[in-house]
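Chemist: Sharing a structure, written as structure tokens. Questions coming.
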Amino acid sequence: MSLAGSSDVRGALASAPGGKVTPPRRARRGSGRRVKRWNVDRVTLFIVFLGLPLAIFLIFVISPFIQAAWYALTNFGGFSPTYQFTGPANFIKLLGDHNVLNAFLNNVILALVVPIVTIAIALAFASAVTVAGPSIGPIRGIRGSSFYRVVSFFPYVIPAIIIGIVWSGVLDPSHGILNAVLTSLGLPFDDFAWLGDPATARASLIFVMVWAFVGFYMVLFVASIKSVPAEIYEAARLDGASRMRMTFSITIPQIRDSIQTAYVYLGITALDAYVYAQGLTTSGPATTQVVPQKILLNLFHNGQAGYASAIGVASALVTLLFALVVFSIARAARGRDEGRA
Amino acid sequence: MSLQSASLDRRNFLRAALAGAVAIPLGVTLASCSTGGGGGATGQKSAKNPFGMADNTTVDAVIFNGGYKTDYVDFAGKILAKEHSGSSVKVKPETKIATTLQPRFVGGNPPDLIDNSGADAIGFNSILDQLEELQDVLDANNLEGTKISDTLYPGVLTPGEFDGKLKALNYVLTLYAVWYSASLFEKNSWTPPTTWDEAFELGGKAKAAGKYLFVWGKEAATYYQTLVIDSAIKEGGDEVRLNFDNLKDGAWSQDSVQKVLTALKKIIDAGYVKPGGSGTQFTAAQAQWSNDQSGLLYPSGSWIENEMKSQTAADFKMTGTPEFTVTTGSKLPQTALRSTAGEPFAVPSAAKSVAGGKEVLRVMLSKESATNFAKTRLAPSIVKDTVPDDAFGSTALASQISMLNAAKTDTFTFTFVDNYGTNTDQLVLWNAFLDGKSSVNELTDGLQQISDKIAKDDSIKKITVK
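Each protein sequence line maps, in turn, to chains V and U. The opening residue of the first sequence carries number 1 in the working numbering; numbering runs sequentially from there. The opening residue of the second sequence carries number 1 in the working numbering; numbering runs sequentially from there.
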């Protein structure tokens, strides 16, 4: 497959204007342009650094995408090699399927809440361990900051599914440590199902996801804050700026790119959220059902692979839309700032 | 390389990339459209080889590796190797049946025998066209020379019959009952309830003893759905079952169903169900019954003894009792049972050796294999008379046999939940109901919507149940 792919590329290159047509040298030299001839060295370079990666990308990333988009337009059952083209029937079915729509709503809520909460906490921690230290002497973090940095990174080291299993144990109604602590304090939480009660299930899911992510994004923000010149903070401190003011007027504007990246990453993860939802609330209340669970249900259990593909395509569109919205907002915000400056 | 030529090159690459992006997946899609043939090599049919399995066949069997493990198929494989020298059975234990077998079905090279069971089983209506009819296995003689269909319990073929054709042989006899600890009941001089009113009364006694009547776990909330449907079928007769299985409008509003739901709601509202089940993993919840003994009763299939083996209190004496009726004048007697069979074995038509797959089934249904299964798994297979009177010392197995004997021919089963894969959606509603968060009406509406959605969806193949 990779050979075929690379010969395609080679063919395309050979037929390229620069490859076959050799314009008069002098004219080229006169205009200051120069087209190099194709030699073995260049061709190998292109094959190794472009042809091969491109072929791998096409075969393992793009082709499944297109295949899924095609299946979404068929009544493919998943187990029989025969199927018919049904046009947009699967998408029309999706729009009337309130279980799936509800799962989409849940994912969107997660994509709105999880990044904001995670980033806010991670930013607060990152500021604390870098610039929020004593207001005398050099700009530094609070005492023991390197210790906190390591500790808060721990959750990120644990695989997501383990986090799900551990927390579902902690939140277990009868034998979980949380209810044990709460009841020993005299609170009425005996047998309370944190992950089963519709009132608390979504919040519990969000809490665990935030817990899992905060450490990593804190480390990311710490790295960004370190690249902000300390003089700016010193100048602000001399001007009498409070720590809060420094965060909002210096830290956030200076590391805005990192925040934006973090927001997009977190949002995409929250638009998936499969491992957390499955690990914590397999068949929990309707408020914790997420889209990938519906895809798997239709793909493997209900024998509706075409419909599952349609849900997948819709989910990809929602994800793209999300990234688009985040980037537009960021661009708009930057434009306004630059205008003011 | 100057900037100018770089941009030209990039354009060419994009062009090539686009061409590739269209060509490759198309090729893959087209390739996946072609099917392989099946049937495979066959040998001479004879009394010893009724399906004509070819010499020196290695039968490829993919077996669900769940509560019953897979070595009972290995056991049958050894007998097959003895009967047909040169041939053998290769058993591949698998937990994720659908995920593993999907590409093999689409690619036209499925195994010779599958046990399509477990949480990741393939929905039968999506592979029906690709499965062999197994009627000739029933018509064949077992290794002892008796016709196999004469050796089976009544009603065990039903779950494998689709539109009148036997496409799967469910090997393990499964009956649904309400399970309790005989020793605990004896100590407190309680008797297992036979009607919902008696169950409510027992709930009061349990409360007085600081216990609950029922426990439940989030992934198994629909065990109570099974209890409700079975109970309603006993109360209202066969018509109730047909309305459910054929996805009839208003199936959940049938009078007997509503009576049972109301009775269960009364128990929930009285606080006789251990709270928190919607957040408890189901085996943990089951251990609250079998080990902590904080709940008295648990509705489940007969696999429960095997499943909880390591988490059952010593001297628990697990015993089953038939599910409750609403009144003593129910259409079916209280001793009636939902008796069915689990672990559906099927033979794909495109398999290399269809005859080999069937031959393994024939061996499994013979006396030696079936007795081995009952003895090592403490569960009866669908073959009769393989469990001795002492039931290998298991109270649960003994109670199964006595319930079966008491039910005689009053056995039934329902199949719509398995046929259409509705369990996942129904779980959400049942968790809310058992939690006391929803009313009988809300539950009825929600469950009816799930059935209606399937009934109205033309893209889902319907299985008519008679």
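Yeah, the Cβ is synthetic: ideal placement off N, Cα and C, and Gly gets one too.
Which two residues bound the contiguous beta strand (DSSP E) that contains K92(U)?
Modeler: 88-94
Chemist: Find the nearest neighbour of G123(U) within the set L443(U), T415(U), D435(U), judged by alpha-carbon distance.
Modeler: T415(U)
Chemist: Taking only runs that begin and end inside the region 55-123 of chain U, name each unbroken alpha helix (DSSP H) of 4 or more residues, in chain order.
Modeler: Qualifying alpha helix (DSSP H) stretches, in chain order: 71-83, 97-106.
Chemist: Assuming T280(U) contacts S174(V) under a Cβ cut-off of 8 Å, what Cβ separation, rounded to an integer in Å, is found between them?
Modeler: 6 Å
Chemist: Using Cβ-Cβ distances below 8 Å, what residues of the region 429-447 of chain U are close to chain V?
Modeler: N431, A432, D435, K437
Chemist: Answer with buried or exposed for M1(V), where buried requires no fewer than 16 other C-beta atoms within 10 angstroms of its C-beta.
Modeler: Since pLDDT at M1(V) reaches only 37, below the 50 mark, its modelled position is unreliable, and no value is offered.
Chemist: Give the DSSP-derived three-state secondary structure of P159(U) in the structure shown.
Modeler: P159(U) falls in the helix class under three-state DSSP.
Chemist: How about A263(U) and W196(U): do their beta carbons lie closer than 8 Å?
Modeler: yes
Chemist: Using the rule of at least 16 other Cβ atoms within 10 Å of the residue's Cβ for burial, across every protein chain shown, is E359(U) buried or exposed?
Modeler: buried
Chemist: Spell out whether any CB of chain V is found under 8 Å from the CB atom of L227(U).
Modeler: no
Chemist: Using Cβ-Cβ distances below 7 Å, what residues of the region 405-431 of chain U are close to chain V?
Modeler: G421, T424, D425, L427, V428, N431
Chemist: Using DSSP with H/G/I as helix, E/B as strand and the rest coil, what is S181(U)?
Modeler: strand
Chemist: Report the residue ranges of all beta strand (DSSP E) runs contained in full by the region 283-348 of chain U; include only those spanning at least 3 residues, in chain order.
Modeler: Counting whole runs of 3 or more residues, the region 283-348 of chain U contains the beta strand (DSSP E) stretches 295-301, 318-321, 337-346.
Chemist: Measure from the C-beta of S184(V) to each C-beta in chain U and report whether the shortest distance is under 8 Å.
Modeler: no
Chemist: Let me see if you follow: with CB-CB separation under 8 Å, is N125(U) close to chain V or not?
Modeler: yes
Chemist: Report yes or no: do the region 265-278 of chain U and the region 300-315 of chain U share at least 3 C-beta pairs separated by less than 8 Å?
Modeler: no
Chemist: How big is the Cα-Cα spacing for D60(U) and A54(U)?
Modeler: 14 Å
Chemist: Does G108(U) have its Cβ less than 8 Å from a Cβ in chain V?
Modeler: yes
Chemist: Quick one: Cα of G108(U) to Cα of G78(V), how far?
Modeler: 12 Å
Chemist: Tell me whether the region 177-188 of chain U and the region 370-387 of chain U touch, counting them as touching only if at least three CB pairs, one residue from each stretch, are closer than 8 Å.
Modeler: no
Chemist: For L205(V) and T247(V), I'd like the C-alpha separation in whole angstroms.
Modeler: 29 Å
Chemist: Taking T282(V) as the query, report the chain U residues whose CB atoms sit under 8 Å from its CB, ordered along the chain.
Modeler: K218, E219
Chemist: Counting only C-beta atoms, is G279(V) closer than 8 Å to chain U at any point?
Modeler: Output row for G279(V): interface = no.
Chemist: Using a Cβ cut-off of 8 Å (strictly closer), state whether W38(V) contacts chain U.
Modeler: no
Chemist: Which residues mark the beginning and the end of the beta strand (DSSP E) in which Y217(V) is found?
Modeler: Note, Y217(V): premise wrong, no beta strand (DSSP E); alpha helix (DSSP H) at 198-226.
Chemist: Pull out every residue of the region 260-281 of chain U whose Cβ sits closer than 9 Å to any Cβ of chain V, in chain order.
Modeler: K274, P275, G276, G277, S278, G279, T280, Q281
Chemist: Any C-beta of chain U within less than 8 Å: which residues of the region 145-173 of chain V qualify?
Modeler: S168, L171, D172, P173
Chemist: Is DSSP giving Y274(V) helix, strand or coil here?
Modeler: helix
Chemist: Count the other C-beta atoms from every protein chain shown that fall within 10 angstroms of the C-beta of A31(U), then say buried if there are 16 or more, exposed otherwise.
Modeler: At A31(U), the pLDDT of 41 sits below 50, so the modelled position is not reliable; the number obtained from the coordinates is stated separately. Answer is exposed; the Cβ neighbour count stays below 16.
Chemist: Please decide whether F324(U) counts as near chain V, where near means a Cβ-Cβ distance under 8 Å.
Modeler: False, the Cβ-Cβ gap to chain V never drops below 8 Å.
Chemist: Give the residues from the region 83-112 of chain U that approach chain V closer than 7 Å (Cβ to any Cβ), ordered along the chain.
Modeler: So the list reads A98, T99, Q102, F105, V106, G108, given in the order they occur along the chain.
Chemist: Using DSSP with H/G/I as helix, E/B as strand and the rest coil, what is F51(U)?
Modeler: coil
Chemist: Against chain V, with Cβ distances strictly below 8 Å, would T35(U) count as a contact?
Modeler: At T35(U), the pLDDT of 38 sits below 50, so the modelled position is not reliable and the matter cannot be decided from this model.
Chemist: Is K207(U) close to the ligand ATP? I mean its beta-carbon at under 7 Å from any heavy atom of the ligand.
Modeler: For the structure depicted, the ligand ATP is absent and the ligand set is empty, with no information on it obtainable.
Chemist: Which same chain residues end up closer than 7 Å to I127(U) when comparing Cβ atoms and leaving out the 5 residues on each side of it in sequence?
Modeler: Excluding residues up to 5 positions away in sequence, F105 lie with their Cβ nearer than 7 Å to the Cβ of I127(U) in the same chain.
Chemist: Counting only beta-carbon atoms, is A193(V) nearer than 8 Å to chain U?
Modeler: Using beta-carbon distances, A193(V) counts as an interface residue toward chain U, with a partner under 8 Å.
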